[in-house]
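Just below is one structure, and these are the notes that go with it.
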Ligand SMILES: Nc1nc2c(ncn2[C@@H]2O[C@H](COP(=O)(O)OP(=O)(O)OP(=O)(O)O)[C@@H](O)[C@H]2O)c(=O)[nH]1
Ligand SMILES: Nc1nc2c(ncn2[C@@H]2O[C@H](COP(=O)(O)OP(=O)(O)OP(=O)(O)O)[C@@H](O)[C@H]2O)c(=O)[nH]1
Ligand SMILES: [Mg+2]
Ligand SMILES: [Mg+2]
Ligand SMILES: [Zn+2]
Ligand SMILES: [Zn+2]
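Residue numbers (the UniProt record's numbering), protein chains in the order written: chain F, 18 to 247; chain U, 18 to 247.
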């Protein structure tokens, strides 16, 4: 009917608008030579904790900045600033994901020329953020061990779309009897996603493979002729 | 501009349509005298595990049925059916929440006359499900201890809207040094929500206050003159 047609049109219009804004953001990032990484996960899977540990490890090698997305509170931005790194908080109100316009406004509060790696911490949500391009170069999905190893199959939109999967909170494996890291990798392959799967514990500061991966990605981004993915 | 206006109109139209469908569902439920409970949480917070433990405990007192919402897989419905209880799986595809139309279709696959309590397990998502009325009588938010006790303040839309908060996976408190159940209650009060906050562990079958609460709600629903909330 007409209402359905109108709905489809409006939603496609919103998507086209977001894609244009994301391209604009990516142009900003590439002009300034900033590597931009979008972190996504369920609420509380450990995004901010991983950023804290990453900043501690890499602050002396890279100039880092963070855009924090949350419905409410400045808590995560405050945690990042306490590490001596610039952070812009986006309050989405009731919106369940960041969009490219929100990120654009935040970008203009940062000095891109002074940043090597910009992390965007998306709203904790294993569904909606996967469908909105922000202009990032790489998408990371975190999966914390207490959530269960079946999450990639049950929330495939996210796990199909990401360039790296980080299994977090491995320190809890000692008390979780039904989580298999091998099963996570198998499920990612079932979704036809060739992305690497790393395990880590921010709590134990056991994050070396992730730091190596970041180094590699940053070197690639700086390679002449590097083409970030669309 | 025109596009924004059109967007607002379309979204309001969708909301009004959903509200009508939810009222229709609620009429079905009230006519049949079925108590309907909507379970919401982050992915993996323990919704299906709690339903399994609840069915084990109450199957001989109540006729229970379950509507399962997931993006993909029949896994949760299969777990419920293995307990000898009817379950209808809704596959939302890429939709991040159940809506009243989806639930209506599922309801017509059940025999409401043969059900005392119908549980709806929503898609794991701490944001979007809170905004879509399904026709349920009561909303439950589960918060698992590994997610952190700050979730009510950071995801207030959900925690403002629910009639009961269940802090799950309390067996893990022994190894989590930064989770306070008291802090959860305080945060719920800060949101001006007077709902009770219970703690439980499905793993340890430590769920007595939740079972008592269900008994009380079911008795209320059966009281002559009972008016379920809008
Ligand atoms: N055991 C353990 N707990 C962790 C680890 N990393 C984070 N946590 C805990 O998990 C909870 C959530 O951590 P955050 O880093 O705030 O998670 P988040 O994904 O940023 O959460 P939101 O932004 O609210 O969605 C906190 O209680 C952390 O202490 C870890 O490696 N091991
Ligand atoms: N330690 C502990 N683990 C639990 C408890 N309840 C559930 N789990 C584990 O948590 C993970 C997710 O449990 P589910 O019951 O499938 O969670 P869910 O909320 O239904 O998950 P989705 O439907 O996928 O969003 C599984 O690995 C369960 O074994 C509990 O009380 N204690
Ligand atoms: Mg965070
Ligand atoms: Mg489930
Ligand atoms: Zn700009
Ligand atoms: Zn009907």
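In this text, a Cβ means the ideal position worked out from N, Cα and C, and glycines have one as well.
From the options, residue whose alpha carbon lies closest to that of residue i
i: residue 163 of chain F; options: U/113, U/231, U/195, U/62; result: U/62
i: residue 54 of chain U; options: U/128, U/132, U/26; result: U/132
i: residue 214 of chain F; options: F/30, F/227, F/56, F/220; result: F/227
i: residue 208 of chain U; options: U/219, U/158, U/231, U/174; result: U/174
i: residue 129 of chain U; options: U/76, U/50, U/238; result: U/50
i: residue 107 of chain F; options: F/134, F/89, F/218; result: F/89
i: residue 43 of chain U; options: U/120, U/231, U/78, U/102; result: U/120
i: residue 238 of chain U; options: U/39, U/48, U/28; result: U/48
i: residue 45 of chain F; options: F/181, F/21, F/98, F/122; result: F/122
i: residue 144 of chain F; options: U/159, U/115, U/160; result: U/115
i: residue 92 of chain U; options: F/167, F/231, F/112, F/235; result: F/167
i: residue 218 of chain U; options: U/159, U/117, U/206; result: U/159
i: residue 59 of chain U; options: U/230, U/184, U/111, U/30; result: U/184
i: residue 31 of chain F; options: U/35, U/21, U/29, U/36; result: U/21
i: residue 234 of chain U; options: U/154, U/117, U/23; result: U/154
i: residue 84 of chain F; options: F/182, F/111, F/202, F/96; result: F/96
i: residue 196 of chain F; options: F/161, F/206, F/178; result: F/161
i: residue 117 of chain U; options: U/34, U/220, U/202; result: U/34
i: residue 151 of chain U; options: U/171, U/39, U/27; result: U/39
Proximity test, residue i beta-carbon vs ligand 3 heavy atom, cut-off 8 Å
i: residue 164 of chain F; result: no
i: residue 101 of chain F; result: no
i: residue 29 of chain U; result: no
i: residue 141 of chain F; result: yes
i: residue 195 of chain U; result: no
i: residue 36 of chain F; result: no
Residue i beta carbon near ligand 2 (any heavy atom closer than 8 Å)
i: residue 192 of chain F; result: yes
i: residue 73 of chain U; result: no
i: residue 218 of chain U; result: yes
i: residue 188 of chain F; result: no
i: residue 185 of chain U; result: yes
i: residue 67 of chain U; result: yes
Proximity test, residue i beta-carbon vs ligand 1 heavy atom, cut-off 8 Å
i: residue 168 of chain F; result: no
i: residue 91 of chain F; result: no
i: residue 180 of chain U; result: no
i: residue 62 of chain F; result: yes
i: residue 161 of chain U; result: no
i: residue 221 of chain F; result: yes
i: residue 138 of chain F; result: yes
i: residue 59 of chain F; result: yes
i: residue 208 of chain U; result: no
i: residue 115 of chain F; result: no
i: residue 87 of chain F; result: yes
Buried versus exposed, by CB contacts within 10 Å (16 or more), residue i
i: residue 192 of chain F; result: exposed
i: residue 204 of chain F; result: buried
i: residue 211 of chain F; result: exposed
i: residue 187 of chain U; result: buried
i: residue 87 of chain F; result: buried
i: residue 64 of chain F; result: buried
i: residue 69 of chain F; result: buried
i: residue 216 of chain U; result: buried
i: residue 180 of chain U; result: buried
i: residue 94 of chain F; result: buried
i: residue 231 of chain F; result: buried
i: residue 247 of chain U; result: With a pLDDT of 42 at residue 247 of chain U, under the threshold of 50, the modelled position of this residue cannot be trusted; read the value that follows with caution. Flag for residue 247 of chain U reads exposed.
i: residue 19 of chain F; result: exposed
i: residue 71 of chain U; result: buried
i: residue 25 of chain F; result: exposed
i: residue 101 of chain F; result: exposed
i: residue 236 of chain F; result: exposed
i: residue 229 of chain U; result: exposed
i: residue 76 of chain F; result: exposed
i: residue 66 of chain U; result: buried
i: residue 29 of chain F; result: exposed
i: residue 222 of chain U; result: exposed
Any non-hydrogen atom of ligand 8 closer than 8 Å to residue i Cβ
i: residue 171 of chain F; result: Ligand 8 is absent from the structure shown, which contains only ligand 1, ligand 2, ligand 3, ligand 4, ligand 5 and ligand 6.
Could you give the uninterrupted runs of the alpha helix (DSSP H) lying entirely in the segment 201-244 of chain U, keeping only those of 4 residues or more? Listed in chain order, they are 225-239.
Listed by chain order, which residues have C-beta atoms less than 5 Å from any heavy atom of ligand 4? Any residue whose Cβ sits closer than 5 Å to a heavy atom of ligand 4 makes the list: U/64, U/65, U/93.
Can you list every residue whose CB sits closer than 7 Å to some heavy atom of ligand 6, going in chain order? In chain order, the hits are U/41, U/45, U/121, U/124, U/125.
Runs of alpha helix (DSSP H) lying entirely within the segment 45-109 of chain U, each at least 4 residues, in chain order: Within the segment 45-109 of chain U, the complete alpha helix (DSSP H) runs of at least 4 residues are 64-75, 92-98.
In chain order, each beta strand (DSSP E) run of at least 3 residues that lies wholly inside the segment 139-190 of chain F: Runs of the beta strand (DSSP E) inside the segment 139-190 of chain F: 155-161, 181-185.
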